[in-house]
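First comes the structure, then the notes that go with it.
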Amino acid sequence: MNIFKTGILLIALTALLMFIGNILGGEVGMAIALILAAIMNFGSYWFSDKIVLSMYRAQEASPNSELYQIVKQQTEKSGLPMPQVYTIPTDMPNAFATGRNPRHAAVAATDGIMRLLSRDELAGVIGHELAHIKYRDILISSIVATIAGAIMMIANMAHFGGDDDEDGGGIIGMLFLIIVAPIAAMIIQFAISRSREYAADRGGAEICGDPIALAKCASPA
């Protein structure tokens, strides 16, 4: 059901982009915005692991650490390739997965969340993050960000480069493009993100084998 919802929302986001192209009447401008957004998000998608891990000053976890052992146990159980495992030296409780696909993935957890949670609860959180990897949510989010980014760019171009057409329909269309379209794109993007989080919660519960432990802690992004 979550996959179906994600597909419907992706279709809605694409339809919004095409509708905006019809309002402008300029497929060239729409194509340029889409290409620019794709280039930016492709770079983010391809190098996401290096960028995020460097930003958080992540350090490789020891193979003997509890975190590494939990990740190893769950990847073997789920049939996923073993990702790189990192710890982040901060008291803020957080954990995340990154990487462009299951064979180029990384899982990171902060010192804060490892101190805060029991082993079973930490295993639930790690299961959630491994589910993101399994479902290729990073790829999905990159596609969504590309389309939403193109819509934002087109709206900005219309705002700063629009003509002074006094036709009522043209004005309404331009107002929709400048004000409504970016908000609609953000709402759809948020809805897709929530849908993927729910799917990761379910997948994480299956991977860790203890849905109660996962339910005890706040679901990370």
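At position 88 of the sequence shown (counting the first as 1) the number is 177 in our numbering, and the numbers step up by one without a gap. Every residue gets a Cβ at the ideal spot worked out from N, C-alpha and C, and that includes glycine.
- Sequence-distant Cβ neighbours of P191 in its own chain, meaning closer than 6 Å and more than five residues away, are L169, P170 and I222.
- For the pair I177 and L219, the Cα-to-Cα distance works out to about 18 Å.
- In this chain, the alpha helix (DSSP H) harbouring G292 covers A270 to C297.
- Between the alpha carbons of I268 and I232 lies a gap of roughly 22 Å.
- Taking 9 Å as the cut-off, the Cβ atoms of D226 and A289 count as close.
- Residue environment analysis places T164 among the buried positions, since at least 16 neighbouring C-beta atoms fall within 10 angstroms of its C-beta.
- Straight-line measurement puts the Cα of H217 at about 11 Å from the Cα of A304.
- I159 sits away from P182, with the two beta carbons spaced by 9 Å or more.
- Looking from the CA of A302, the closest CA among A239, I215, W135 and I100 belongs to I215.
- Following the DSSP letters along the chain, one finds A302 in no beta strand (DSSP E) but inside the alpha helix (DSSP H) bounded by residues P300 to K305.
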